[in-house]
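The structure appears right after this line, and notes come after that.
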Amino acid sequence: MLNVKKLKRTFNQDTAGFQDVNLSVKEGEIIGILGTSGCGKSTLLRVLSGLDQHYEGTISIENSNNQIGMMFQEPRLLPWLSVKKNISFGLEKEERNTDKYKTYLDLVGLADFENHYPKDLSGGMAQRTAIARALITEPEILLLDEPFSALDAFTKMQLQDLLISIWQKKKTTMILVTHDIDEALYLCDRIFILKGQPGEVYSEVSVEKPKPRTRGDTYLSKQKAHILNLLNVEKKAAGEQK
Amino acid sequence: MISETHKWKVAQRASPQKLSSSKGIFQLGRGILIGTILPIILLIAWEIAARTGLLAAHLLPAPTIILEKIISMYQDGSLFGHISITLTRVFFGFAIGTGAAVVIGAIVGYSKTAERLLDPLFQAIRSIPSLAWVPLFILWMGIGEHSKISLIAVGVFFPVYLNIVAGIQGVDRKLIEVGRIYQLTPYQLTKRIILPAALPSFITGMRSGLGLGWMFVVAAELMGASEGLGYLLVVGQNTYSPDTVIASILLFAVLGKLTDALLKWIEHRSLQWQDSITNQG
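Residue numbers (the numbering used here), protein chains in the order written: chain A, 4 to 245; chain B, 494 to 774.
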């Protein structure tokens, strides 16, 4: 449903950003974009979300009203709105004052916190609110930019499980940018590995294991070793050159 | 994890002190009690000194005499007239000054071109001591209400303007991006993100603007008025009655404090979402 051809966005005379990215995403898939820092993976998401429009190449989204949801590394809640109003933020005016937020409030497990302000939430709760806000508009594609990287290990696992349970209910298509290999293997159907400066798609890894998966599964460990190997190639090459 | 927005808010709002939120009536009462000890002792000492002739009564009359003066003005009905005309002047001057600052400040804060075009001019005008406008306003508008209200409006304008511009320019880019993800129009973006985010700064500006408004109403009423608290000051000086002067000063203090408390209350009510020291608990 999403097709990207020859997408390119670079900065500083082609030394940062990404180039020559071709992707096609099927409905209901969770796609991972994995890479070390500085390979343009966040830039790729900004381009797909429409925040950055100075790109070359084509992006086509099928059968949709172009609804895209986005979650950032930080929750980015509006501090002057309560949890329920933050969740309803993306809705049209008529819907904003309805009870629609309740479904999503329950979905992310914050039922008792609807009237709290963001300042009274923990990091994990704030990010749950952000998930609910991103989902309430029922986007065709949900873009996630390292959404759990600022959370502690336990909260992170909880929210990963939450994301999977939401996916089981809604079958939302997602593109997840991350630098956490375990996270990518736990959540994604296909993982694109970005490498270089500017970043290019170096390899594609399929995770053929139905979700929900078990953490520490042998198949996943094998895939992790494979990915580590892929990411390390360049380091070895650089080492040999010295 | 604290979001960067919060950090920014805290940093930005560190300056003005605010109402204690949920400390409870008891603690609030105790705070007031402690705060009044020194003034009460001073008042008693002043009263005794004036009664025993230690202070010359024609220079500094006893507090009870000043109080009597205020009560007599209340009884003959002139007190209400003076207070209401002064309040009216401050109100209109404040409203006009704030209104102009909101419109111009919003344009300058929002558009880079407008900032380059307008801001140098306003900064230049700002550096003129506002009292220097007095003769010009009298020449232009006479000594009626227009010149007084204009003077107050000029005084109120600048602090509000500066704070609005700073508030709008300081809005977190990350929050604006949230608005762009939801494809808000520029109008929606202003209404739903930029204005609420700039509100703390705006209220700070209003409070310093109000302080200046009170300062300028005195100047305006000194320059020629037939009613008002500033006029009482002139009358007291000309009739050699320090009780009138001090009574007028006292009334200014009370009114200034009350109007500021009103803004403070509005601030407290509208900024409960802020992650600041006074909002804890």
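Where is the CB? At the ideal position from N, CA and C, for every residue including glycine.
Proximal residues of chain B, C-beta to C-beta of residue i below 7 Å
| i | result |
| --- | --- |
| Ser52(A) | Ile674 |
| Gly93(A) | Tyr675 |
Closest residue to residue i among the options (Cα-Cα distance)
| i | options | result |
| --- | --- | --- |
| Trp626(B) | Phe584(B), Val647(B), Leu611(B), Gly602(B) | Val647(B) |
| Leu632(B) | Thr606(B), Leu535(B), Gly570(B), Met716(B) | Met716(B) |
| Ile196(A) | Thr13(A), Met4(A), Leu26(A) | Leu26(A) |
| Arg193(A) | Val204(A), Asn15(A), Gly199(A) | Val204(A) |
| Cys191(A) | Gly31(A), Lys8(A), Val24(A) | Gly31(A) |
| Lys11(A) | Gly112(A), Thr46(A), Leu179(A) | Thr46(A) |
| Asn656(B) | Ala594(B), Gln767(B), Leu744(B), Leu560(B) | Ala594(B) |
| Lys173(A) | Gly43(A), Leu110(A), Leu162(A), Ile230(A) | Leu110(A) |
| Glu77(A) | Leu147(A), Leu5(A), Arg218(A) | Leu147(A) |
| Asn89(A) | Leu668(B), Thr732(B), Ser734(B) | Leu668(B) |
| Ser701(B) | Ala555(B), Asp736(B), Leu614(B), Glu760(B) | Glu760(B) |
| Glu207(A) | Tyr222(A), Leu233(A), Arg99(A) | Leu233(A) |
| Ser63(A) | Asp220(A), Asn6(A), Glu149(A), Ala135(A) | Asn6(A) |
| Asp736(B) | His551(B), Leu531(B), Gly524(B), Thr545(B) | His551(B) |
| Lys105(A) | Leu138(A), Phe75(A), Met74(A) | Leu138(A) |
Local Cβ density within 10 Å of residue i, reported as buried at 16 or more and exposed below that
| i | result |
| --- | --- |
| Leu751(B) | exposed |
| Arg666(B) | exposed |
| Ser514(B) | With a pLDDT of 47 at Ser514(B), under the threshold of 50, the modelled position of that residue is not reliable, and no figure is offered here. |
| Ala538(B) | exposed |
| Trp707(B) | buried |
| Val747(B) | exposed |
| Phe519(B) | exposed |
| Lys96(A) | exposed |
| Trp758(B) | exposed |
| Gly586(B) | buried |
| Ile230(A) | buried |
| Tyr680(B) | exposed |
| Phe255(A) | Absent from the model: residue 255(A). The displayed extent of chain A is 4 to 245, so no value can be given. |
| Lys225(A) | exposed |
Extent of the continuous alpha helix (DSSP H) to which residue i belongs
| i | result |
| --- | --- |
| Ile196(A) | Per DSSP, Ile196(A) belongs to no alpha helix (DSSP H); it is in the beta strand (DSSP E), 193-198. |
| Thr752(B) | 735-763 |
| Val627(B) | 626-634 |
| Leu10(A) | Unbroken run through Leu10(A) is the beta strand (DSSP E), 5-14; no alpha helix (DSSP H). |
| Leu668(B) | 666-674 |
| Asp164(A) | 156-173 |
| Met708(B) | 688-715 |
Residue i beta carbon near the ligand SAM (any heavy atom closer than 7 Å)
| i | result |
| --- | --- |
| Ala114(A) | The model depicted lacks the ligand SAM and carries no ligand whatsoever. |
Contact set between residue i and chain B, taken where Cβ atoms lie within less than 9 Å
| i | result |
| --- | --- |
| Pro150(A) | Those do not exist, as Pro150(A) stays about 12 Å from chain B at its closest Cβ, beyond 9 Å. |
| Ala116(A) | What sits at residue 116(A) in the sequence shown is Phe, not Ala. Residues of chain B passing the Cβ test: none, with the nearest at roughly 14 Å. |
Within chain A, the residues that residue i reaches when beta carbons sit closer than 8 Å
| i | result |
| --- | --- |
| Ile686(B) | Leu81 |
Closer than 7 Å at the beta carbon, the chain A residues around residue i
| i | result |
| --- | --- |
| Pro679(B) | Result: empty, since nearest Cβ-Cβ is about 16 Å, beyond 7 Å. |
| Trp766(B) | Pro82, Trp83, Tyr120, Lys122 |
Segment limits, beta strand (DSSP E) that includes residue i
| i | result |
| --- | --- |
| Tyr205(A) | 203-209 |
Under 8 Å from the C-beta of residue i: neighbouring residues of chain B
| i | result |
| --- | --- |
| Met73(A) | Ile674 |
Practice item. Would you check if there are 3 or more beta carbon pairs closer than 8 Å linking the stretch 716-728 of chain B to the stretch 573-580 of chain B? Key: Enough Cβ pairs lie closer than 8 Å, so yes.
Check your understanding: Do three or more CB pairs link the stretch 648-662 of chain B to the stretch 687-701 of chain B at distances below 8 Å?
Key -> yes
Check your understanding: On the three-pair Cβ rule with 8 Å, is the stretch 151-159 of chain A touching the stretch 124-134 of chain A?
Key -> yes
Check your understanding: Would you call the stretch 210-227 of chain A and the stretch 46-56 of chain A touching, i.e. three or more CB-CB distances under 8 Å?
Key -> No: fewer than three Cβ pairs fall under 8 Å.
Exercise for review: Please confirm if the stretch 161-181 of chain A is in contact with the stretch 16-25 of chain A, defined as three or more CB-CB distances below 8 Å between the two stretches.
Suggested key: As far as the Cβ criterion goes, the stretch 161-181 of chain A does not touch the stretch 16-25 of chain A, which means the pair count is below three.
Practice item. Say whether the stretch 673-692 of chain B touches the stretch 610-618 of chain B, bearing in mind that this needs 3 or more beta-carbon pairs closer than 8 Å, one atom from each stretch. Key: no
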